[in-house]
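143 is the number of the first residue of the sequence shown in my numbering; add one for each residue after it. Just so you know, even glycine gets a beta-carbon here, dropped at the ideal spot from N, CA and C. Note that the structure is predicted; figures quoted are calculated from it, not measured. Following: one structure in structure tokens, then a few remarks.
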Amino acid sequence: FSDQPVILPPGGPLYLQLKRWIEDAIAGGAIKPGDALPSERDLAIKVDVSRVTVRKAVAQLVHEGVLVQRHGSGTFVAPATQRVEQSLSQLTSFTEDMARRGMSVRAEWLDRGLYLPSPEETVILGLSPGERASRIARLRLSGDVPLAVERASLSSAVLPKPEEVADSLYKYLETFGNRPIRAIQRIRAANLGEDDARLLQVPVGSASLHIERTSYLASGRVIEFTRSIYRGDTYDFVAELRLGD
Ligand code: 16G
Numbered sequence: 143f144s145d146q147p148v149i150l151p152p153g154g155p156l157y158l159q160l161k162r163w164i165e166d167a168i169a170g171g172a173i174k175p176g177d178a179l180p181s182e183r184d185l186a187i188k189v190d191v192s193r194v195t196v197r198k199a200v201a202q203l204v205h206e207g208v209l210v211q212r213h214g215s216g217t218f219v220a221p222a223t224q225r226v227e228q229s230l231s232q233l234t235s236f237t238e239d240m241a242r243r244g245m246s247v248r249a250e251w252l253d254r255g256l257y258l259p260s261p262e263e264t265v266i267l268g269l270s271p272g273e274r275a276s277r278i279a280r281l282r283l284s285g286d287v288p289l290a291v292e293r294a295s296l297s298s299a300v301l302p303k304p305e306e307v308a309d310s311l312y313k314y315l316e317t318f319g320n321r322p323i324r325a326i327q328r329i330r331a332a333n334l335g336e337d338d339a340r341l342l343q344v345p346v347g348s349a350s351l352h353i354e355r356t357s358y359l360a361s362g363r364v365i366e367f368t369r370s371i372y373r374g375d376t377y378d379f380v381a382e383l384r385l386g387d
């Protein structure tokens, strides 16, 4: 933000003019991904509009995923994402995939607990009568960039203490000899609803990939049923194809 006076693009309500001005500043490179926006007060003074106008423009840009708000530290231009390749032919964990790319990995926990299973969980996980479903749900990030939302269900017999999963689910399962060795994965395109868009910090309606993975132990027992939502602007899924017989 230079010291030049701000000239808002004409047309429409003032908050939309300010919104467009911020969008143009980002598109033109005057403010870059990760940059902090001036405080609401400073911006109001600089642009010579009311704080209500600034708040409205910023709220809309946050809703659209252009800006992100971090509690206590302010408003920032959403970090740029780099696309990554994800193999479709190997049974790997998120943590392993990220380590292979040399990227950091972090989770924000949305849920960890034992629940009465849904009919779907009972059938897919092959739960016995009275057995609970152990659910873990988390937002998976690299640094500040959210990449995926994952909601996993396991039987309470294999994961009686979901709160003990600290980082990698597969690493945790491996310590009990329960690492899955095979999985069926189904991928479907979907537009993001409000809740998941907010978590992934992208505009509502953005493209995403909904992935369902059912994983099996060597014994043939299902160990995990996970629904993942991957950002469409980040992932390329790659599989090697061979000529069939
Ligand atoms: C991957 C799997 C997910 C599994 C997780 C374990 C997809 C679409 N999903 O994200 O099913 O639960 O890895 O990762 O690939 P973790 O060991 O790092 O927790």
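- The beta carbons of P304 and G255 sit closer together than 8 Å.
- Bounds of the alpha helix (DSSP H) holding D337 are E336 to L342.
- A residue is listed when its beta-carbon falls short of 6 Å from at least one non-hydrogen atom of the ligand 16G; in chain order these are S235, F236, T237, E292, A294, S310, L311, Y312, K313, I353, R355, E366, T368 and S370.
- Across the set I329, R183 and E238, the C-alpha of E238 shows the shortest separation from the C-alpha of Y314.
- Within a 10 Å sphere around the beta-carbon of S370 sit 16 or more other beta-carbons, which makes this residue buried.
- Beta-carbon to beta-carbon, G171 and V219 are separated by about 11 Å, too far to satisfy the 8 Å threshold.
- Three or more beta-carbon pairs drawn from the stretch 358-372 and the stretch 286-293 are found closer than 8 Å, and the two stretches are therefore classed as touching.
- By the CB criterion at 8 Å, R324 and Y312 fall outside the cutoff.
- Counting only residues of its own chain and dropping the five nearest sequence neighbours on each side, A222 has a CB closer than 6 Å to the CB of P175.
- Check the Cα spacing between A275 and each of S361, V265 and Y257: the tightest is with Y257.
- The closest CA to that of G207, considering only P345, D387 and T195, is found on P345.
- The shortest CA-to-CA distance from E306 to any of E273, Y358 and W251 is the one to W251.
- Under the three-state reduction of DSSP, T356 is assigned to strand.
- Per DSSP, reduced to three states, the secondary structure at T376 is coil, with no helix or strand assignment.
- Secondary structure at L281: strand, using DSSP grouped into helix, strand and coil.
- The shortest C-alpha to C-alpha distance from R373 to any of E354, N333, L359 and G362 is the one to N333.
- Counting along the chain, no beta strand (DSSP E) covers E262; the unbroken alpha helix (DSSP H) around it starts and ends at P261 to L267.
- If you look at R197, you'll find it in the alpha helix (DSSP H) that goes R193 to H205.
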